[in-house]
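Enquirer:
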Amino acid sequence: MWTIVKKFQHRKPYPDKLYSSEICSSNGHDIQCGEGEKVAIKNLECGSGSHACAPFINRTIFAVCNGQRYCGDLDLRSMVNVYCDNLVVSARKIDVYYRCETGTSTSCRVNVCPENSPGLKCLNGGVIHVKKVFCKYEGVICSWETYVTLYTLCEARSQCSAGALKTVLPVYCEEPEVSQRNVLVDYVCINSRYLFLLKNTDIR
0 MWTIVKKFQH
10 RKPYPDKLYS
20 SEICSSNGHD
30 IQCGEGEKVA
40 IKNLECGSGS
50 HACAPFINRT
60 IFAVCNGQRY
70 CGDLDLRSMV
80 NVYCDNLVVS
90 ARKIDVYYRC
100 ETGTSTSCRV
110 NVCPENSPGL
120 KCLNGGVIHV
130 KKVFCKYEGV
140 ICSWETYVTL
150 YTLCEARSQC
160 SAGALKTVLP
170 VYCEEPEVSQ
180 RNVLVDYVCI
190 NSRYLFLLKN
200 TDIR
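Under numbering that gives the first Met the number 0, the letters of the sequence shown match residues 0 to 203, in that order.
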């Protein structure tokens with residue numbers, strides 16, 4: 000009934016291979032899995048000495064990235080800027096170790112606040128259906144006005160510009176604390192003829 004439509008680089012499936020990504024430099028753009036796979040985070044290490052990360056770093060990265068197919072649209076670096084902007088250059092390092100395990104993400108996830116956010120987009124005739132929205136951190140419920148804004152501007156459209164959304168979401172996208180400038184939108188791309196059915200049943 001719905002299809003995830005993002006484009007990914009082809010990667011051969013190696014279920015036992017442990018991949019790594021240093022997110023202070025990559026911002027999570029190289030955390031991705033192939034068709035029929037999803038990210039399974041196994042460990043995080045912070046700083047030059049491969050130290051354990053602070054609990055909130057582990058919670059943040061795991062909550063927003065684990066189970067996704069691609070984590071490059073989430074602006075992970077800003078969420079953990081306490082490490083990535085450290086005055087000690089050698090400490091500006093967060094290594095994420097993950098495997099690509101069999102399974103599919105049930106939705107696309109994008110952060111609409113960053114300058115380079117791709118926004119919400121569907122291809123091949125699909126239209127957007129917004130499933131969940133989190134603000135500041137994954138699991139933090141947004142204001143009702145935020146939901147209304149996103150549904151009004153994005154629901155049933157083929158694309159929804161992040162630039163346009165940011166101008167009407169200043170409460171979250173202009174937070175004084177950089178790590179909290181997040182509006183995380185989970186959405187699926189569906190055939191428009193199924194939209195009425197989806198809105199009037201308990202499909203999630």
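Each residue gets a CB set at the ideal place from its N, CA and C atoms; glycine is no exception.
All figures in this text were calculated on a predicted structure; none of them were measured in a lab.
1) Per DSSP, which residues does residue 51 bridge with? Please list them.
2) Could you have a look at residue 76 and say whether DSSP puts it in helix, strand or coil?
3) Going by the DSSP bridge assignment, what does residue 159 pair with across the sheet?
4) Classify residue 106 as helix, strand or coil using the three-state DSSP reduction.
5) Can you find the residues in the same chain that come closer than 6 Å, C-beta to C-beta, to residue 131, ignoring five residues on each side of it along the sequence?
6) To the nearest angstrom, how far is it from the Cα of residue 62 to the Cα of residue 129?
7) Is it buried or exposed, residue 133, if we count other Cβ atoms within 10 angstroms and call 16 or more buried?
8) Tell me, which residues are paired with residue 125 by DSSP?
9) Mind checking residue 37: buried by the 16 CB within 10 Å criterion, or exposed?
10) Determine the burial state of residue 35: buried for a count of at least 16 other Cβ atoms within 10 Å of its Cβ, exposed for fewer.
11) Based on the DSSP secondary-structure assignment, which residues constitute the bridge partners of residue 18?
Expert: Concretely, from the data shown:
1) Position 52 of the sequence shown, counted from the first residue, corresponds to residue 51. Note: residue 51 sits in a beta bridge opposite 44.
2) Position 77 of the sequence shown, counting from 1, holds the residue named residue 76. DSSP places residue 76 in helix when its eight states are reduced to three.
3) Here residue 159 is taken as the residue at index 160 of the sequence shown, counted from 1. Answer by DSSP bridge pairing, in chain order: 119.
4) Position 107 of the sequence shown, counted from the first residue, corresponds to residue 106. Coil.
5) Taking the first residue of the sequence shown as 1, we reach residue 131 at position 132. 185.
6) As a working mapping, residue 62 is identified with position 63 in the sequence shown. As a working mapping, residue 129 is identified with position 130 in the sequence shown. Taking the straight line from one Cα to the other gives about 19 Å.
7) Along the sequence shown, read from residue 1 onward, the residue named residue 133 stands at position 134. Buried: at least 16 other Cβ atoms inside 10 Å.
8) The residue given as residue 125 occupies position 126 in the sequence shown. According to DSSP, residue 125 bridges with 190.
9) Walking along the sequence shown from the start, residue 37 turns up at place 38. When all chains shown are included, residue 37 counts as buried.
10) Within the sequence shown, residue 35 is the residue found at index 36, counting from 1. Residue 35 comes out exposed.
11) By 1-based counting over the sequence shown, the position of residue 18 is 19. For residue 18, which the question treats as bridged, DSSP gives the partners 97.
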